[in-house]
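Trainee: So in our numbering, spot 60 of the sequence shown is number 65, and the numbers just go up one at a time.
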Amino acid sequence: MLQPLEELENFYQQEEDPWSYETTPDDAKRRSIIVSEIPERSYGKVLDIGCGHGFVTRELPGEDILGVDISNNAIQQAMKLSVHQSKAKRLRFLNASIFELDAVLSETYDLVVITGVLYSQYIGESKTLVRQIVDKLLNSNGVLVCSHINDWYSMRFPYLLLESYFFEYREYTQRLEVYVK
6 MLQPLEELEN FYQQEEDPWS YETTPDDAKR RSIIVSEIPE RSYGKVLDIG CGHGFVTREL
66 PGEDILGVDI SNNAIQQAMK LSVHQSKAKR LRFLNASIFE LDAVLSETYD LVVITGVLYS
126 QYIGESKTLV RQIVDKLLNS NGVLVCSHIN DWYSMRFPYL LLESYFFEYR EYTQRLEVYV
186 K
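What follows is the structure, encoded as structure tokens:
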């Protein structure tokens, strides 16, 4: 069953950092690993799907970085937290569902990052649809980075897998995958 949007909105309305990303050492480690595993190259347009309040988004490489989240409250917090960042002029945020991205975004991206989104409570059984949407958004030779709790994540993408990396994250095992289209 999909988690109701109202629950996510309430969650982000109650606290500025509801997942405790900013204060949990495991999350600093997770963000560092994600960013360090992104292949070194020049990225023009970057898309962070399910950016939440921008914890990972703010550290991504790229000239034009777009963070997208289904929660408007999360997007408002992301904008607030990003105002004083050195990358602030390169950061944009958009309130949208993963399922509407191919309709609301006309651009393609050199780098797409998806962290903690591809779970059944967020996408249901729509793996094929998500793959199609990502395929439309990712440039040819573009990089896709996925990082999820391994026990909750079963999705794979039909691209060249450059890296599959497991690491401890809170009480879970996190799986990081880096693909090239």
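C-beta atoms are modelled at their ideal positions from N, C-alpha and C, and glycine is treated no differently. Predicted model, so just to flag it, every value in this text is computed and none were measured.
Around the Cβ of Q33, are there at least 16 other Cβ atoms within 10 angstroms (buried) or fewer (exposed)?
Mentor: Checking the sequence shown, residue 33 turns out to be Ala, not Gln. Under this definition A33 is an exposed residue.
Trainee: So what does DSSP say about K132, is it helix, strand or coil?
Mentor: helix
Trainee: Going along the chain, which residues of its own chain have a beta-carbon closer than 7 angstroms to the beta-carbon of L143, five neighbours each way excluded?
Mentor: T113, Y114, V117, L149 and K186
Trainee: Should A83 go down as buried or exposed, given a rule of 16 or more other Cβ atoms within 10 Å for buried?
Mentor: buried
Trainee: Report the option in G129, A79 and Y164 whose CA atom is closest to the CA atom of S145.
Mentor: Taking each of G129, A79 and Y164 in turn and checking the Cα distance to S145, the smallest one comes out for Y164.
Trainee: State buried or exposed for T120, treating a residue as buried only when at least 16 other CB atoms are found within 10 Å of its CB.
Mentor: buried
Trainee: Rounded to whole angstroms, what is the Cα-Cα separation between P30 and F16?
Mentor: Put simply, the backbone Cα of P30 is about 21 angstroms away from that of F16.
Trainee: Across which residues does DSSP place V51 in a beta bridge pair?
Mentor: I70 and L116
Trainee: Under 8 angstroms, Cβ to Cβ, is there at least one residue of chain B near D107?
Mentor: Given the protein chain composition of this structure (a single chain), no chain B is represented.
Trainee: Going by DSSP, what residue range makes up the beta strand (DSSP E) through V183?
Mentor: Y177 to V185
Trainee: Measure the beta-carbon distance from L134 to F104 and round it to whole angstroms, keeping in mind my assumption that it falls under 8 angstroms.
Mentor: 7 angstroms
Trainee: On a CA-only basis, which of S152, L166 and H58 is nearest E14? Give me that one, please.
Mentor: By alpha-carbon distance to E14, the top candidate from S152, L166 and H58 is H58.
Trainee: Using only CA atoms, which one of W157, E182 and Q18 lies nearest to S125?
Mentor: Taking only the C-alpha atoms, the option nearest S125 is W157.
Trainee: Need the endpoints of the beta strand (DSSP E) that N144 sits in, please.
Mentor: In the DSSP assignment, N144 falls within the unbroken beta strand (DSSP E) covering L143 to I154.
Trainee: Kindly list the residues whose CB is nearer than 8 angstroms to the CB of T1, restricted to its own chain and excluding five residues on each side of it in sequence; keep chain order.
Mentor: This structure does not reach residue 1, given that the chain is present from 6 up to 186, and the question cannot be answered.
Trainee: Between S47, I75 and R36, which has its C-alpha nearest E12's C-alpha?
Mentor: I75
Trainee: Indicate the three-state DSSP secondary structure (helix, strand or coil) for R97 in the structure shown.
Mentor: In the displayed model, R97 falls within a strand according to three-state DSSP.
Trainee: Under 7 angstroms Cβ to Cβ from N78, same chain only, skipping five residues before and after it: list those, please.
Mentor: Within the same chain, N78 has close Cβ partners E14, Y17 and Q18.
Trainee: Is it buried or exposed, K50, if we count other Cβ atoms within 10 angstroms and call 16 or more buried?
Mentor: K50 sits buried, since 16 or more C-beta atoms from the chains shown fall within 10 Å of its C-beta.
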